[in-house]
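Colleague: In the order they appear, the protein sequences are chains A and B.
Sequential numbering from 48 applies to the first sequence in my numbering.
Sequential numbering from 48 applies to the second sequence in my numbering.
Even glycine gets a Cβ: it sits at the ideal position worked out from N, Cα and C.
Below is the structure I would like to discuss, written out as structure tokens.
There are 2 protein chains.
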Amino acid sequence: MVDMTIGQFNLIYNAFSFAFAALAAATLFFWLGRSQVAPQYRTALTITGLVTFIAAYHYLRIFESWTAAYDVADGVMVATGATFNQAYRYVDWLLTVPLLLIELILVMGLSRQETLSRGLRLGLLAALMIALGYPGEIADSASARWFWGIASMIPFLWIVYELFVGLSKSIDNQPEDARGLVNLARWVVVLSWSFYPLVYFAGAIGLDGATATTIVEVGYTVSDIVAKAVFGVLIYMIAVRKSQDYFDKQGGKDAVPAE
Amino acid sequence: MVDMTIGQFNLIYNAFSFAFAALAAATLFFWLGRSQVAPQYRTALTITGLVTFIAAYHYLRIFESWTAAYDVADGVMVATGATFNQAYRYVDWLLTVPLLLIELILVMGLSRQETLSRGLRLGLLAALMIALGYPGEIADSASARWFWGIASMIPFLWIVYELFVGLSKSIDNQPEDARGLVNLARWVVVLSWSFYPLVYFAGAIGLDGATATTIVEVGYTVSDIVAKAVFGVLIYMIAVRKSQDYFDKQGGKDAVPAE
Chain A
48 MVDMTIGQFN LIYNAFSFAF AALAAATLFF WLGRSQVAPQ YRTALTITGL VTFIAAYHYL
108 RIFESWTAAY DVADGVMVAT GATFNQAYRY VDWLLTVPLL LIELILVMGL SRQETLSRGL
168 RLGLLAALMI ALGYPGEIAD SASARWFWGI ASMIPFLWIV YELFVGLSKS IDNQPEDARG
228 LVNLARWVVV LSWSFYPLVY FAGAIGLDGA TATTIVEVGY TVSDIVAKAV FGVLIYMIAV
288 RKSQDYFDKQ GGKDAVPAE
Chain B
48 MVDMTIGQFN LIYNAFSFAF AALAAATLFF WLGRSQVAPQ YRTALTITGL VTFIAAYHYL
108 RIFESWTAAY DVADGVMVAT GATFNQAYRY VDWLLTVPLL LIELILVMGL SRQETLSRGL
168 RLGLLAALMI ALGYPGEIAD SASARWFWGI ASMIPFLWIV YELFVGLSKS IDNQPEDARG
228 LVNLARWVVV LSWSFYPLVY FAGAIGLDGA TATTIVEVGY TVSDIVAKAV FGVLIYMIAV
288 RKSQDYFDKQ GGKDAVPAE
């Protein structure tokens with residue numbers, strides 16, 4: 048761990064606390080929101096909340112690990128010797144990234160056969176992507192980082208292909224009201240994920256020191272909030288729009304708000 | 048951190064603990080109250096509870112940070128060197144202030160289009176207001192505090208304009224029963240928020256020392272409780288009144304009390 052200024056330390060510290068609060072709040076929002084959507088979309092919201100729940104737990108651990116890794120000495124933050132545990136992020140992603148893709152598939156309301164096959168394929172590709180990245184993250188040499196990073200890009204590009212080519216026909220079949228949001232959701236996945244390899248390869252080209260640490264930690268945190276909580280709000284909005292018919296048919300008995 | 052008397056320290060300590068208890072209790076009240084309102088107002092109550100949930104979390108952290116910042120020595124409270132983390136407040140406001148405005152828009156039951164556009168505009172203005180205030184809060188010079196404080200007043204005044212001019216037609220369209228409460232709610236927003244710039248500029252005119260710290264911390268705490276919990280009770284009362292028709296139509300099957 049490199050020494051850093053109090054300002055840099057605090058920025059990261061506050062970013063972690065912010066992420067916990069945002070993800071925990073998002074979890075409760077998704078779970079309480081289950082009653083606002085038709086029964087066939089409730090599993091999608093359950094999983095959306097699971098993703099933010101798992102991430103909130105990890106940010107609590109990351110926050111504690113960060114606090115333990117530094118002490119103030121003479122006005123700068125000095126490493127205590129306790130290592131900041133980067134593995135929390137990978138453990139988190141191994142669980143949440145496959146679930147993220149599955150929540151998108153579930154809210155699309157495809158046939159049971161298509162839901163299973165696409166969910167399984169995307170989930171496995173996502174787990175493979177994370178598992179291949181980790182050896183490079185903890186490797187000492189830049190060449191190992193390049194090797195595993197590029198290996199991890201293969202399932203990543205396959206996922207992008209699945210989202211933009213494999214799913215395009217299913218997206219055209221979405222109700223007109225929800226189509227734009229589903230399209231936006233897959234863009235949020237791809238764009239928020241693009242930040243991760245950028246940070247990863249910054250390590251491979253030797254970017255180092257306190258400023259690099261600050262960019263990496265704050266950047267990962269913002270990406271996690273976008274990819275999980277903001278993405279989840281889109282899933283919620285898609286589910287609400289697609290549920291309108293269901294509630295209308297119930298004669299307005301349980302009519303839900305427009306949004 | 049300035050040294051302070053045990054009485055001053057304890058007043059702030061107890062104010063923080065009070066705020067946690069009040070906000071946590073309010074959260075449970077709003078979420079349990081979801082079943083007492085018509086389905087179209089439940090999202091408003093979900094978000095009302097999220098605001099107090101996020102604030103309760105931050106008051107727990109603020110309380111811990113305050114306890115760590117001081118030690119008793121010779122009958123006065125002496126700074127330990129651990130900084131009291133003011134950033135918790137800004138992180139909290141960045142999340143809760145946009146949500147506060149969104150809960151008001153949601154309980155008004157506007158069209159989907161109007162809900163989205165007004166909610167988005169008010170939410171972004173609120174986030175901008177908080178983000179512009181923070182650099183001044185942590186600045187060393189009074190001139191920087193003035194600069195950022197005044198910059199932050201621009202989105203604040205825009206929000207006031209939106210609430211009192213932009214929303215006036217929609218408020219006239221509220222059921223007669225609820226109109227007075229909606230009007231009161233926007234006044235609570237503006238009046239409780241007015242305390243924040245007062246405290247903020249007290250720093251810019253050089254008000255300092257233990258008494259100033261006590262006024263600032265207790266003042267922010269009271270304002271947070273009014274702007275989040277008391278405001279939330281108004282949102283709840285509006286939702287209950289507007290739900291009367293819904294429960295009447297259900298043949299009194301699930302009839303709720305008038306309040």
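Report the partner residues of residue 48 (chain A) according to the DSSP bridge assignment.
Modeller: Per DSSP, none; premise fails for residue 48 (chain A).
Colleague: What does DSSP give as the partner residue(s) for residue 118 (chain B) in the beta ladder?
Modeller: B:125
Colleague: Does chain A have any CB closer than 9 Å to the CB of residue 101 (chain B)?
Modeller: Yes, because at least one Cβ of chain A sits closer than 9 Å to the Cβ of residue 101 (chain B).
Colleague: Could you please tell me which residues of the stretch 123-137 of chain B, in chain order, have their CB closer than 9 Å to any CB of chain A?
Modeller: 128, 129, 130, 132, 134, 135 and 137
Colleague: Take residue 136 (chain B) and list the residues in its own chain whose beta-carbon comes closer than 6 Å to its own, dropping the five residues that flank it on each side.
Modeller: none
Colleague: Assuming contact is defined by CB atoms lying nearer than 9 Å, are residue 283 (chain A) and residue 84 (chain A) in contact in what I supplied?
Modeller: yes
Colleague: Considering only the beta carbon of each residue, do residue 113 (chain B) and residue 60 (chain B) sit closer than 9 Å?
Modeller: yes
Colleague: Just by C-beta distance, which residues in the stretch 64-89 of chain A are closer than 9 Å to chain B?
Modeller: 64, 65, 67, 68, 69, 71, 72, 73, 75, 76, 79, 80, 82 and 83
Colleague: Mapping the DSSP letters down to three states, classify residue 196 (chain A) as helix, strand or coil.
Modeller: helix
Colleague: Quick one: is residue 79 (chain B) buried, meaning 16 or more other Cβ sit within 10 Å of its Cβ, or exposed?
Modeller: exposed
Colleague: To which residues of the same chain is residue 224 (chain B) closer than 7 Å at the C-beta, ignoring the five residues directly before and after it?
Modeller: 288
Colleague: I want to verify the contact list: residues of chain A whose CB lies under 8 Å from the CB of residue 108 (chain B), in sequence order.
Modeller: Within chain A, the residues 64 have their CB atoms less than 8 Å from the CB of residue 108 (chain B), given in chain order.
Colleague: So, for residue 106 (chain B): in the same chain, excluding its five sequence neighbours on each side, which residues have a beta-carbon less than 7 Å away from its beta-carbon?
Modeller: 63, 66, 67 and 70
Colleague: For a contact meaning CB atoms closer than 9 Å, what does residue 119 (chain A) contact in chain B?
Modeller: 128, 129 and 130
Colleague: Please name the residue, chosen from A:291, A:272, A:290 and A:280, that lies closest to residue 139 (chain A) on a Cα-to-Cα basis.
Modeller: A:272
Colleague: Identify every run of the alpha helix (DSSP H) within the stretch 229-273 of chain A, keeping only runs that are complete inside it and at least 4 residues long; order them along the chain.
Modeller: The stretch 229-273 of chain A contains, as complete alpha helix (DSSP H) runs of 4+ residues, the segments 256-272 (chain order).
Colleague: With a threshold of 8 Å, establish whether the CB of residue 290 (chain A) neighbours any heavy atom of the ligand FAD.
Modeller: The ligand content of the structure shown is nil, which means the ligand FAD is not present either.
Colleague: Taking all protein chains shown into account, do 16 or more other C-beta atoms lie within 10 angstroms of the C-beta of residue 208 (chain A), making it buried, or fewer, making it exposed?
Modeller: exposed
Colleague: What are the boundary residues of the alpha helix (DSSP H) that residue 57 (chain A) is part of?
Modeller: Its alpha helix (DSSP H) spans residues 53-79.
Colleague: Mind checking which residues open and close the alpha helix (DSSP H) that includes residue 184 (chain B)?
Modeller: 159-184
Colleague: Enumerate in chain order the residues of its own chain whose CB-to-CB distance from residue 147 (chain B) is below 8 Å, with the five nearest sequence positions on each side excluded.
Modeller: 98, 173, 236, 274, 275 and 278
Colleague: Using Cβ-Cβ distances below 7 Å, what residues of the stretch 217-234 of chain A are close to chain B?
Modeller: none
Colleague: Look at the alpha carbon of residue 256 (chain B) and the alpha carbon of residue 55 (chain B), and state the distance between them as a whole number of angstroms.
Modeller: 11 Å
Colleague: If distances are taken between C-alpha atoms only, which option among A:152, A:111 and A:254 comes closest to residue 233 (chain A)?
Modeller: A:152
Colleague: Between residue 53 (chain A) and chain B, is the shortest Cβ-Cβ distance under 9 Å, so that the two count as touching?
Modeller: yes
Colleague: Compare the C-beta of residue 208 (chain A) against all C-beta atoms of chain B and say whether one is closer than 9 Å.
Modeller: Answer no: the Cβ-Cβ gap between residue 208 (chain A) and chain B never drops below 9 Å.
Colleague: Should residue 159 (chain A) go down as buried or exposed, given a rule of 16 or more other Cβ atoms within 10 Å for buried?
Modeller: exposed
Colleague: Here's a check: name, in chain order, each residue in its chain whose Cβ is nearer than 7 Å to the Cβ of residue 131 (chain B), leaving out the five neighbours to either side.
Modeller: 48, 112, 113 and 116
Colleague: Do residue 198 (chain A) and residue 171 (chain A) have their C-beta atoms closer together than 9 Å?
Modeller: no
Colleague: Residue 93 (chain B) touches chain A at which residues, Cβ-Cβ below 7 Å?
Modeller: 76, 79 and 80
Colleague: Let me know if residue 204 (chain A) comes out buried or exposed under the rule of 16 or more other beta-carbons within 10 Å of its beta-carbon.
Modeller: exposed
Colleague: When the Cα atoms are used, what is the spatial distance from residue 267 (chain B) to residue 247 (chain A)?
Modeller: 41 Å
Colleague: At a Cβ threshold of 9 Å, is residue 57 (chain A) touching chain B?
Modeller: yes
Colleague: Any Cβ of chain B within less than 9 Å of the Cβ of residue 278 (chain A)?
Modeller: no
Colleague: Whose C-beta lies closer than 6 Å to the C-beta of residue 306 (chain A) among residues of the same chain, with five residues either side of it excluded?
Modeller: Residue placement at residue 306 (chain A) cannot be trusted, given a pLDDT of 47 that sits under 50; what the coordinates show is reported in the next sentence. None.
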